[in-house]
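Residue numbers (this note's numbering): 17 to 240.
Below: the structure, in structure tokens.
See the structure below:
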């Protein structure tokens with residue numbers, strides 16, 4: 017139901033969806049997507065590790081809809097190409113994406129603890145980037161999260177802090193990055209103005225257009 021509602025907010029219907037890509041097995045990134053895909057007969061892409069972590073005994077191959085994604089192997093969806101790449105996160109085999117149409121490239125980068133050279137290489141040359149700005153370290157340290165969760169979120173295989181996201185933006189700015197949408201902001205441990213200030217202050221990013229994707233309603237359509 018929520019997937020249908022989110023699609024409606026974007027002016028879309030299930031019949032317009034050509035594929036679903038599940039980046040990793042954590043519940044906030046899966047929800048009912050496998051069941052929804054089977055109901056609407058939409059192919060689902062994920063890594064071997066993610067499939068092993070979520071495989072349902074009654075639907076081992078998602079009723080024939082399962083497609084296995086591999087690091088840097090491009091997926092051709094007609095007029096759109098997806099290139100998945102591995103990221104450091106506390107999941108079985110997490111992937112993020114570079115989406116390409118001709119010479120236009122959009123990067124999707126959420127759910128990782130730090131940027132590796134491999135991650136930066138896959139995103140270099142993107143004109144737009146959906147970038148995790150998960151937390152402000154001071155807000156995380158002072159939050160009501162238990163110690164183990166603070167360590168997980170702020171660790172090398174957790175989530176990007178605002179300053180870490182800004183460092184990624186700075187590294188990619190030389191490759192022609194023109195737009196960043198901050199995403200996956202923690203409701204408790206971050207604020208949009210903190211994320212935007214960190215990105216705006218990164219060297220070389222003064223002319224990059226910035227925005228924020230909200231958990232409840234996402235963000236507006238943008239032209240890349």
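We put the CB at the ideal spot given by N, CA and C, even for glycine.
Query: Bridge partners - residue 197, DSSP secondary structure assignment; Result: 146 and 227
Query: Assumed close pair residue 228, residue 198 - CB separation to whole angstroms, cut-off 8 Å; Result: 5 Å
Query: Residue 31 versus residue 54 - alpha carbon distance; Result: 13 Å
Query: Distance CB(residue 225)-CB(residue 126) smaller than 9 Å; Result: no
Query: Of the residues 220, 211, 137 and 35, the one placed nearest residue 148, counting alpha carbons only; Result: 211
Query: Closest residue to residue 136 among 35, 100, 213 and 157 (Cα-Cα distance); Result: 100
Query: Nearest-angstrom Cβ-Cβ length linking residue 96 and residue 117, presumed shorter than 8 Å; Result: 6 Å
Query: Three-state secondary structure assigned by DSSP to residue 139; Result: helix
Query: Cβ pair count under 8 Å reaching 3, the segment 75-86 against the segment 141-157; Result: no
Query: Inter-residue spacing [alpha-carbon to alpha-carbon] between residue 77 and residue 105; Result: 25 Å
Query: Check whether residue 217 and residue 172 have beta carbons under 9 Å apart; Result: no
Query: DSSP-derived helix/strand/coil call for residue 14; Result: Given a span of 17 to 240 for the chain in the structure shown, any question on residue 14 remains unanswerable.
Query: C-beta contact flag for residue 134 and residue 90 at 9 Å; Result: no
Query: Span of the beta strand (DSSP E), counted from its first residue to its last, around residue 126; Result: First-last for residue 126: undefined, no H or E at that position.
Query: Identified DSSP bridge partners for residue 177; Result: 151
Query: Whole-angstrom C-beta distance between residue 152 and residue 205, which should lie under 8 Å; Result: 6 Å
Query: Given residue 144 as reference, the closest of 158, 114 and 28 once Cα atoms are compared; Result: 114
Query: Proximity of residue 36 and residue 58 at Cβ, strictly below 9 Å; Result: yes
Query: Beta-carbon spacing of residue 138, residue 66 below 9 Å; Result: no
Query: Residue 47 vs residue 19 beta-carbon contact at 9 Å; Result: yes
Query: Bridge-paired residues (DSSP) for residue 92; Result: 97
Query: 9 Å Cβ cutoff met for residue 231 and residue 203; Result: yes
Query: Limits of the unbroken beta strand (DSSP E) element including residue 82; Result: 82-84
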